[in-house]
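Participant:
Residue numbers (our numbering): 2 to 232.
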């Protein structure tokens, strides 16, 4: 089976990570669309068998500074109307939430590093159930509201909305389940200014990546595999 997966990428080092071999194994042809460089139009996005919208260090409200976000949001909104398999991660989940009518706003705080989630009752019954107490990678300061009709799946002490699902095909994750610990150095370099601004202990993030990376990849393969198989 030859299916197309369009991947909206906002910064080069935040890529598919653990998802890449899962998509290849399921026969997807993967094509990256580089936000702000490639045209992200409603037609191709709506027609793809699968769309994944990745993270990045900008906000959905930054349309004055990054005008391409308006066209990207419009294309995502058209895609979501089709109720076809769409996964958003971090900024990608925020863009999905905005396109579905929810507010997204900065909190003035940063959640960066590895920490466990608390799943809601809906989360325990969702594809996220396999995460359990495994620490996941958080890297954000913005917060989405849960879109109308969607289920809230997970939370952390400082951020109550960590994941949502609207039916079996639309999934938004605030955290980075896809991130591979073996590539954490790319994140630490690429986000160096943000890490310094928030006085994040870089060595601690590096140690936690080494400590939790293998288990997190196992969990990620299970969660993403269950979601792909259920779409």
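Beta carbons are placed, not taken as given, at the ideal position from N, Cα and C, and that holds for glycine.
1. In the DSSP assignment, find the alpha helix (DSSP H) that holds residue 185 and state where it starts and stops.
2. Only counting runs of 4 or more residues, tell me where the alpha helix (DSSP H) segments fall wholly within the segment 103-129, in order along the chain.
3. Strictly by DSSP, which residues pair up with residue 29?
4. Hey, would you say residue 155 sits closer than 8 Å to residue 129, going by beta carbons?
5. Could you give the DSSP three-state label for residue 83: helix, strand or coil?
6. Measure the C-alpha to C-alpha separation of residue 82 and residue 204 and round it to an integer number of angstroms.
7. Whose C-alpha, out of 89, 16, 143, is nearest the C-alpha of residue 108?
8. On the three-pair Cβ rule with 8 Å, is the segment 51-62 touching the segment 121-135?
9. Give every residue of the same chain whose Cβ lies closer than 6 Å to the Cβ of residue 18, excluding the five residues on either side of it in the sequence, and list them in chain order.
10. Assign residue 196 to one of three DSSP states: helix, strand, or coil.
11. Between the segment 56-69 and the segment 9-27, do at least 3 Cβ pairs fall closer than 8 Å?
12. If contact is defined by three or more beta carbon pairs under 8 Å, each pair taking one atom from either stretch, is the segment 82-96 in contact with the segment 160-177?
13. In whole angstroms, what is the alpha-carbon distance linking residue 210 and residue 183?
14. Along the chain, where does the beta strand (DSSP E) that runs through residue 143 open and close?
15. Starting from residue 203, follow the alpha helix (DSSP H) in both directions and report where the run begins and ends.
Facilitator: The short version:
1. As a working note, residue 185 is residue 184 in the chain shown. Where residue 185 is concerned, the enclosing alpha helix (DSSP H) stretches over 185-191.
2. DSSP runs (the alpha helix (DSSP H)) wholly in the segment 103-129: 122-125.
3. Along the chain shown, read from residue 1 onward, the residue named residue 29 stands at position 28. Bridge partners of residue 29: 4.
4. Reading the chain shown from its first residue, position 154 is the one you call residue 155. Reading the chain shown from its first residue, position 128 is the one you call residue 129. Yes; because the gap between Cβ atoms is below 8 Å, this pair is in contact.
5. In the chain shown, the residue the question calls residue 83 occupies position 82. Coil.
6. For the purposes of this step, residue 82 is taken as the residue at position 81 of the chain shown. For the purposes of this step, residue 204 is taken as the residue at position 203 of the chain shown. Rounded to whole angstroms, residue 82 to residue 204 spans 43 Å at the Cα level.
7. Working through the chain shown from its first residue, we reach residue 108 at position 107. When each option's Cα is compared against that of residue 108, the closest is 143.
8. Output reads no: the segment 121-135 does not touch the segment 51-62.
9. Here the question's residue 18 lines up with position 17 in the chain shown. Answer for residue 18: 179, 180, 181, listed in chain order.
10. Here residue 196 refers to the residue found at position 195 of the chain shown. Helix.
11. yes
12. The segment 82-96 and the segment 160-177 touch, with three or more beta-carbon pairs separated by less than 8 Å.
13. For the purposes of this step, residue 210 is taken as residue 209 along the chain shown, with counting starting at 1. For the purposes of this step, residue 183 is taken as residue 182 along the chain shown, with counting starting at 1. The alpha-carbon atoms of residue 210 and residue 183 are separated by roughly 8 Å.
14. Mapped onto the chain shown, residue 143 falls at position 142. For residue 143, the uninterrupted beta strand (DSSP E) segment begins and ends at 137-145.
15. Position 202 of the chain shown, counted from the start, is the residue given in the question as residue 203. Residue 203 -> alpha helix (DSSP H) spans 203-231.
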